């Protein structure tokens, strides 16, 4: 791990910790380390998205956000193995959650207090 990557992960962990995320967040694609580093649970069985069928993936993600009332989603914009999420999914996350913060290759979407 490079010093830049270490700093990126430290900033990501601080950012997620500052949000009222509850026990679960969604981190994808190919981001299992985010769950470990933040101490948050993965509400899915997926660790690397390239193992999953890409058909309907965007709809699955949005349904998961809605069904579990997830308030924090971390998107890896430069996954090593899988395709990055499409722009339509990213826009839908922005519309549903409302807030965005970029931390290196990660983009955090979260819902503010209601």
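Residue numbers (our numbering): 49 to 162.
Where a beta carbon is used, it is the ideal one built from N, C-alpha and C, also for glycine.
This structure is a prediction, so every number in the text was calculated from the model and none was measured.
Residue from the options whose Cα sits closest to the Cα of residue i
i           : options          : result
residue 142 : 131, 92, 113     : 113
residue 156 : 52, 49, 57, 50   : 57
residue 109 : 128, 136, 66     : 136
residue 73  : 95, 152, 153, 50 : 95
residue 93  : 53, 75, 51, 104  : 75
residue 148 : 54, 63, 127      : 63
residue 100 : 138, 49, 66, 131 : 131
Any chain C beta carbon closer than 7 Å to residue i
i          : result
residue 53 : Absent from the structure: chain C. Only one protein chain is present.
Close beta carbons around residue i, own chain, < 7 Å, minus the five adjacent residues each side
i           : result
residue 68  : 119
residue 146 : 159, 160
residue 84  : none
Residue burial classification, residue i (beta-carbon count within 10 angstroms, cutoff 16)
i           : result
residue 111 : exposed
residue 129 : exposed
residue 60  : buried
residue 97  : buried
residue 52  : exposed
residue 134 : exposed
residue 105 : buried
residue 77  : buried
Residues near residue i in its chain [Cβ-Cβ closer than 6 Å; skip 5 each side]
i           : result
residue 140 : 110
Bridge partners - residue i, DSSP secondary structure assignment
i           : result
residue 154 : 124, 151
residue 75  : 122
residue 55  : DSSP, once it has assigned bridges, lists no residue as partnering residue 55.
residue 146 : 159
Spatial neighbours of residue i in its chain, beta-carbon cut-off 8 Å, leaving aside the 5 residues before and after
i           : result
residue 154 : 56, 60, 79, 82, 122, 123, 124, 125
Three Cβ pairs or more, each shorter than 8 Å: is that satisfied between the segment 115–122 and the segment 76–93?
yes
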